[in-house]
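Novice:
Protein chains: 2
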Amino acid sequence: MPQQRSEETRAHLLDAAVRRFAISGYNAASVDEICAEAGVSKGAFYHHFPSKQAVFLALLDGWLKTIDAGLESMRQASVPETFVEMTRLLPAIFAAADERLPMFLEFWLQASRDEKIWEATIAPYRHYQEYFARLVSNGIAEGSLKPDTDPQAAAQVILSLAVGLFLQGVLDPHGADWQKVGEESMKILMNGLAK
Amino acid sequence: MPQQRSEETRAHLLDAAVRRFAISGYNAASVDEICAEAGVSKGAFYHHFPSKQAVFLALLDGWLKTIDAGLESMRQASVPETFVEMTRLLPAIFAAADERLPMFLEFWLQASRDEKIWEATIAPYRHYQEYFARLVSNGIAEGSLKPDTDPQAAAQVILSLAVGLFLQGVLDPHGADWQKVGEESMKILMNGLAK
DNA sequence: ATAAACATACCGACTGGTCGGTATGTTTCT
DNA sequence: AGAAACATACCGACCAGTCGGTATGTTTAT
């Protein structure tokens, strides 16, 4: 019977890793720490994962899939109004991050210094920008958006705003009424893009 | 006349620290590394600074002063148009950061986990938000801005956009035409806020 | 049926290396 | 002389990853 615990142990390790990474950060959280929290030995850790980075990448992969699933279900819900989609998508994209965003950011920083890791982990995020750019293009074609809007740039602005909002919101949770700021930012964005 | 080359050595250490922090990051850059780049010994380092963190705080302090100076000179230039001030201020605020932003972010992440460090280092940034909020309030009073705009929230949006833009621009320098994105974001922002 | 042969899951002591910081010099200026 | 301005050697803690070993399975040959 203990033989069958394999998957369970792996799950425990992943779960413990999330918590420790979220609390201490990717670098500060030691493998020993994670093992202690998972209640297993270091041997078990290295039996399931080849390295510390591998656990993080496994977690990251899971979040990316969650986000993609959210994006897909949103696409299938087929709300015709592009702006409504936009405003609903921004929270959805970051809902899978929440308190885990700081560790993701920490990893982002390290990845930005290592091109191989960057390409393998962060670069895939770029397709969200393409999605927003398409929404903007549709809006222009429909005539609901200002015709001189650059879709690529606008998409970048939307994503930048989202990143900035959540970055400040997560790292400075007591600094502002983020609910209100979120609504206000959407209002400004929509006013600025609408024809 | 100060004894020996004390001030010069200190300057060399600060200069070396900036470069190493920018290249390797705050944590990864070791004190030995910084000393080697500065061409002095570890003893010299700990003669001038009580700790590794102290060097970083000294650098941070310098940047904050640079930013404040830029803000002040901008205020004295007394451009009456609030929006013009705004669009000019955003680059000014981050001009002093540029390639040093990643290490600042790394420190930000660590500070967010330690309230004392946070209050001493990051919290003072909040006064920029007050400044933007005042600009928005003025705009509403003048009648050039939508009257239902929440100044605090709008200021937060402006700062969030700036943070998001520069974060993406610095960390993903090849990802977009950041000049164009910057202009586009200002256009959208101004359109969204103007009455 | 069962024992031998093998595979998987896990343990925990240990290693090699790193790094912030310190203790103890030595030199140089006043 | 004596204090400031360094230099050098070293300490102790930490930490990712390794490795020999064990316990608990599963498969295969008889």
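Residue numbers (the numbering used here), protein chains in the order written: chain A, 585 to 779; chain B, 585 to 779. Each residue gets a CB set at the ideal place from its N, CA and C atoms; glycine is no exception. In this text the structure is predicted, and so the values were computed from the model without any measurement.
Under 8 Å, Cβ to Cβ, is there at least one residue of chain A near residue 649 of chain B?
Specialist: By one-based count along the second sequence, residue 649 of chain B stands at place 65. False, the Cβ-Cβ gap to chain A never drops below 8 Å.
Novice: Cα-Cα, which of A:742, A:767, A:758 and A:592 is closest to residue 765 of chain B?
Specialist: Your numbering for residue 765 of chain B matches position 181 in the second sequence. Taking only the C-alpha atoms, the option nearest residue 765 of chain B is A:742.
Novice: Using the DSSP secondary-structure output, state which residues sit across from residue 729 of chain A in a beta bridge.
Specialist: Within the first sequence, residue 729 of chain A is the residue found at index 145, counting from 1. Answer is A:778.
Novice: What's the C-alpha gap between residue 592 of chain B and residue 627 of chain B?
Specialist: As a first step, residue 592 of chain B must be located in the second sequence, where it is residue number 8. As a first step, residue 627 of chain B must be located in the second sequence, where it is residue number 43. Approximately 15 Å, taken between the alpha carbons.
Novice: Are any of the Cβ atoms in chain B nearer than 8 Å to that of residue 645 of chain A?
Specialist: Walking along the first sequence from the start, residue 645 of chain A turns up at place 61. No, residue 645 of chain A does not count as interfacial toward chain B.
Novice: Exposed or buried, which one is residue 760 of chain B when buried takes at least 16 other CB atoms within 10 Å?
Specialist: Stepping through the second sequence from its first residue, residue 760 of chain B is reached at position 176. Its Cβ being crowded by 16 or more others within 10 Å, residue 760 of chain B is buried.
Novice: Contact criterion: CB-CB distance below 8 Å. Does residue 704 of chain A meet it with respect to chain B?
Specialist: Here residue 704 of chain A refers to the residue found at position 120 when the first sequence is read from its first residue. Not one chain B Cβ lies under 8 Å of residue 704 of chain A.
Novice: Roughly how many angstroms separate the alpha carbons of residue 600 of chain A and residue 618 of chain A, rounded to a whole number?
Specialist: Looking up residue 600 of chain A in the first sequence gives position 16. Looking up residue 618 of chain A in the first sequence gives position 34. In a straight line, the C-alpha of residue 600 of chain A is about 6 Å away from that of residue 618 of chain A.
Novice: Tell me the rounded alpha-carbon separation between residue 690 of chain A and residue 616 of chain A.
Specialist: Counting from one through the first sequence, the residue named residue 690 of chain A turns up at place 106. Counting from one through the first sequence, the residue named residue 616 of chain A turns up at place 32. Rounded to whole angstroms, residue 690 of chain A to residue 616 of chain A spans 20 Å at the Cα level.
Novice: Determine, using beta carbons only, whether residue 617 of chain B comes closer than 8 Å to chain A.
Specialist: Locating residue 617 of chain B in the second sequence gives position 33, where the first residue counts as 1. False, the Cβ-Cβ gap to chain A never drops below 8 Å.
Novice: Is the beta carbon of residue 640 of chain B closer than 8 Å to that of residue 685 of chain B?
Specialist: Reading the second sequence from its first residue, position 101 is the one you call residue 685 of chain B. Reading the second sequence from its first residue, position 56 is the one you call residue 640 of chain B. Cβ atoms of residue 685 of chain B and residue 640 of chain B: not closer than 8 Å.
Novice: Could you work out which residues of chain B lie near residue 611 of chain A, taking near to mean beta carbons separated by less than 9 Å?
Specialist: Taking the first sequence and counting its residues from 1, the one referred to as residue 611 of chain A is at position 27. Chain B residues near residue 611 of chain A: 611 and 612.
Novice: Apply the 10 Å Cβ neighbour rule to residue 769 of chain A and answer buried if 16 or more other Cβ atoms are within range, or exposed otherwise.
Specialist: Start at 1 with the first residue of the first sequence, and residue 769 of chain A comes out as number 185. The residue is buried, with at least 16 neighbouring Cβ atoms inside 10 Å.
Novice: What residue from A:748, A:713 and A:703 has the CA that sits closest to residue 737 of chain A's CA?
Specialist: As a first step, residue 737 of chain A must be located in the first sequence, where it is residue number 153. It is A:713.
Novice: Flag this pair as yes or no: are the beta carbons of residue 716 of chain A and residue 695 of chain A separated by less than 8 Å?
Specialist: Here residue 716 of chain A refers to the residue found at position 132 of the first sequence. Here residue 695 of chain A refers to the residue found at position 111 of the first sequence. Against a cut-off of 8 Å, the Cβ pair of residue 695 of chain A and residue 716 of chain A comes out as no contact.
Novice: On the three-state DSSP scale, how would you describe residue 706 of chain B?
Specialist: Translated into positions along the second sequence, residue 706 of chain B becomes position 122. Residue 706 of chain B: coil per DSSP, three-state reduction.
Novice: Let me see if you follow: with CB-CB separation under 8 Å, is residue 723 of chain B close to chain A or not?
Specialist: As a first step, residue 723 of chain B is located in the second sequence; it is residue number 139 there, counting from the start. No, residue 723 of chain B lies away from the interface with chain A (no Cβ there is under 8 Å from its Cβ).
Novice: Apply the 10 Å Cβ neighbour rule to residue 758 of chain B and answer buried if 16 or more other Cβ atoms are within range, or exposed otherwise.
Specialist: On the second sequence, residue 758 of chain B is found 174 positions in, with the first residue counted as 1. With fewer than 16 other Cβ atoms within 10 Å, it is exposed.
Novice: Quick one: does residue 693 of chain B have its CB under 8 Å from some CB of chain A?
Specialist: Position 109 of the second sequence, counting from 1, holds the residue named residue 693 of chain B. Judged by the 8 Å Cβ criterion, residue 693 of chain B is in contact with chain A.
Novice: Could you tell me whether the Cβ of residue 637 of chain A comes closer than 8 Å to any Cβ of chain B?
Specialist: Along the first sequence, read from residue 1 onward, the residue named residue 637 of chain A stands at position 53. So no, residue 637 of chain A is outside the interface.
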